[in-house]
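Numbering (numbering that gives the first Met the number 0), first residue to last: 0 to 304.
We put the CB at the ideal spot given by N, CA and C, even for glycine.
Fair warning: this is a prediction, and the values are worked out from it, not measured in the lab.
This report concerns only the one structure given below.
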Amino acid sequence: MKDLLQDLSKPSEKFSHLSLSHGKRTRLWRLMYGHGPRNGSLLVLPLDQGLEHGPTDFFPHPPAIDPEYQFRLAVEGNFSAIALGVGLAEKYMGQWCGRIPLILKLNGKTNIPSDVEATSPLFASVEDAVRLGADAVGYTMYVGSPRQHDEFRQFEKVRQDCERFGMPLVLWSYPRGAAIDAKGGKGSLYAQDYAARVALELGADIVKLHEPDDSTANIPKPYDTLREDASARTQRVVRSAGRTMVLFSGGEKNDDDTAVLRKVEFYMASGATGVMFGRNMWLRPLDQALALVREVHRIMVKYPR
Numbered sequence: 000m001k002d003l004l005q006d007l008s009k010p011s012e013k014f015s016h017l018s019l020s021h022g023k024r025t026r027l028w029r030l031m032y033g034h035g036p037r038n039g040s041l042l043v044l045p046l047d048q049g050l051e052h053g054p055t056d057f058f059p060h061p062p063a064i065d066p067e068y069q070f071r072l073a074v075e076g077n078f079s080a081i082a083l084g085v086g087l088a089e090k091y092m093g094q095w096c097g098r099i100p101l102i103l104k105l106n107g108k109t110n111i112p113s114d115v116e117a118t119s120p121l122f123a124s125v126e127d128a129v130r131l132g133a134d135a136v137g138y139t140m141y142v143g144s145p146r147q148h149d150e151f152r153q154f155e156k157v158r159q160d161c162e163r164f165g166m167p168l169v170l171w172s173y174p175r176g177a178a179i180d181a182k183g184g185k186g187s188l189y190a191q192d193y194a195a196r197v198a199l200e201l202g203a204d205i206v207k208l209h210e211p212d213d214s215t216a217n218i219p220k221p222y223d224t225l226r227e228d229a230s231a232r233t234q235r236v237v238r239s240a241g242r243t244m245v246l247f248s249g250g251e252k253n254d255d256d257t258a259v260l261r262k263v264e265f266y267m268a269s270g271a272t273g274v275m276f277g278r279n280m281w282l283r284p285l286d287q288a289l290a291l292v293r294e295v296h297r298i299m300v301k302y303p304r
């Protein structure tokens, strides 16, 4: 068992050849080989839903309203990292420092306004991430929004600060806006494939995406002529991200554990670096969530990266 753990924690040749500063390499190693499955894959527990969706996300499981619940789940479930905003990090991270890596979300929005002109303003900085001991920062980009020019300029400063401080950058690359809706919608292969490429072009180290659906209505050419199954679509998106590592979202809670595990296996087999599952984990009672995450580990350990 000891030899197996040593093998799993040895960085892959792909990781060793990534063009990274020493700071980024050190922090990414902690995420990919020091915590979680420890084989180069990533299992991230996000807790940004309270801002993005409001308190209603916690209604199905009231204990989840207390961030201590998610921190306990992240540590006892051996996640690679927990992702959350500056307020939660400052108020709740203290006793968990060093026990679970932090991905500090730097921007976000509420879901109260329409997404027609979606934008995600900064409310924290890379310096905040350094001060809080984070191992990465997260930034949400609304690809295709009429406000994307503002977000590109905002992102430029974040990316430069990440290089200056040696901080890995995780991009939540989310298609949004009227133009996206008119071209097949945010879940289409066109939209998700474009979002993956945007992350690579802008310089993200890791990108969070959603699985592309099979919709074809109003899809731009040549996507409108593609007839690919779910596996081919998802692999296409991973290829478009190039050397930017891909995490797929778990989405809304699914009460069927088997379906959740099938999804994890599917994403890993499609070439993803890992998964970011929030509500599918912390909307379950703790014992059930921990049992589920143990099964997730058994899957992910089969896919060293």
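The region 116-125 touching the region 136-151, judged by at least three CB pairs closer than 8 Å: In short, these stretches touch, since the Cβ pair count reaches three.
Give the C-beta separation of ASP149 and SER187 to the nearest angstrom, bearing in mind that I take them to be a contact with Cβ-Cβ under 8 Å. ASP149 to SER187, Cβ: 24 Å. No contact.
Does DSSP classify GLY273 as helix, strand or coil? Here GLY273 sits in strand by DSSP.
8 Å CB neighbourhood of ARG152 in its chain, flanking five on each side removed: The answer is none, since no qualifying residue turns up.
Which ranges does the beta strand (DSSP E) cover as unbroken runs of at least 3 residues, wholly within the region 17-79, from first to last along the chain? As far as the region 17-79 is concerned, its whole beta strand (DSSP E) runs of at least 3 residues are 41-45.
I need the DSSP call for LEU291, collapsed to helix, strand or coil. The answer is helix: DSSP assigns LEU291 an H, G or I state.
Given a threshold of 16 other Cβ atoms within 10 Å of its Cβ, counted over all protein chains shown, does THR118 qualify as buried or as exposed? With 16 or more other Cβ atoms within 10 Å, it is buried.
Sorted by chain position, which residues of the same chain lie with C-beta nearer than 7 Å to ARG232's C-beta, five sequence neighbours on each side aside? Cβ within range, chain order: LEU188 and PRO211.
Is the region 103-115 close to the region 56-75, with three or more CB pairs under 8 Å? At 8 Å Cβ cutoff, the stretches do not touch.
Return the chain-ordered ranges of every alpha helix (DSSP H) run that is complete within the region 188-269 and spans a minimum of 4 residues. Complete alpha helix (DSSP H) runs here, min 4: 188-201, 229-239 and 256-268.
Go ahead and pull the three-state DSSP assignment for ALA135. ALA135 falls in the strand class under three-state DSSP.
In the DSSP assignment, what are the bridge partners of PRO112? Answer is none; PRO112 lacks a bridge partner.
Please say whether TYR141 and ARG175 have beta carbons closer to each other than 8 Å? It is a contact, given that the beta carbons lie within the stated cut-off.
Do GLU227 and ARG235 have their beta-carbon atoms positioned less than 8 Å apart in this structure? Yes, they are a contact pair.
Rounded straight-line distance, which links the Cα of PRO145 to that of ILE179: Approximately 10 Å, taken between the alpha carbons.
Report the option in CYS96, SER18, MET275 and ASN279 whose CA atom is closest to the CA atom of ASP256. Taking only the C-alpha atoms, the option nearest ASP256 is ASN279.
From which residue to which residue does the alpha helix (DSSP H) around LEU87 run? Its alpha helix (DSSP H) spans residues 85-91.
Near GLN147, which residues of its chain fall below 7 Å by C-beta distance, leaving aside the five closest residues on each side in sequence? Excluding positions up to five away in sequence, the list reads TYR141.
Determine the burial state of GLN48: buried for a count of at least 16 other Cβ atoms within 10 Å of its Cβ, exposed for fewer. With 16 or more Cβ atoms within 10 Å of its Cβ, GLN48 is classed as buried.
Rounded C-alpha distance that separates LEU27 from THR224: Answer to the nearest angstrom: the Cα atoms are 39 Å apart.
Among the residues of its own chain, which have a CB less than 7 Å from the CB of GLY306, if the five just before and after it don't count? Nothing about residue 306 can be read from this structure; the chain reaches only from 0 to 304.
Through-space distance from ALA177 to LEU83, alpha-carbon basis: Going by the C-alpha atoms only, they are around 28 Å apart.
Proximity to GLU51 [Cα-Cα], best of LEU201, PHE247, ASP114 and ARG297: Comparing alpha-carbon positions, the option among LEU201, PHE247, ASP114 and ARG297 lying closest to GLU51 turns out to be ASP114.
Note down the Cα distance separating ASP254 from ASN77, rounded to an integer number of angstroms. Rounded to whole angstroms, ASP254 and ASN77 show a C-alpha spacing of 22 Å.
Using alpha carbons as the reference points, say which of ALA271, GLY97, PHE14 and LYS252 lies closest to LEU246. Closest option to LEU246, Cα to Cα, is ALA271.
According to DSSP, PRO120 sits in a beta bridge with which residue or residues? DSSP output for PRO120 lists no bridge partner at all.
Supposed close pair LEU46, ILE81 - CB separation, criterion 8 Å: In this structure LEU46 is in contact with ILE81, their Cβ atoms being roughly 6 Å apart against a cut-off of 8 Å.
DSSP state of MET166, grouped into three classes? Taken through DSSP and simplified to helix, strand or coil, MET166 comes out as coil.
When DSSP labels each residue in this structure, what does SER11 get in the three-state scheme? Here SER11 sits in coil by DSSP.
So VAL259 and LEU289 are in contact, right, with Cβ under 8 Å, and what is the actual spacing, rounded? That belief does not hold up - the Cβ atoms of VAL259 and LEU289 are roughly 14 Å apart, past 8 Å.
By alpha-carbon positions, which one of LEU19, TRP171, ASP204 and ASP192 ends up nearest to PRO221? That would be ASP192, whose Cα lies nearest to the Cα of PRO221.
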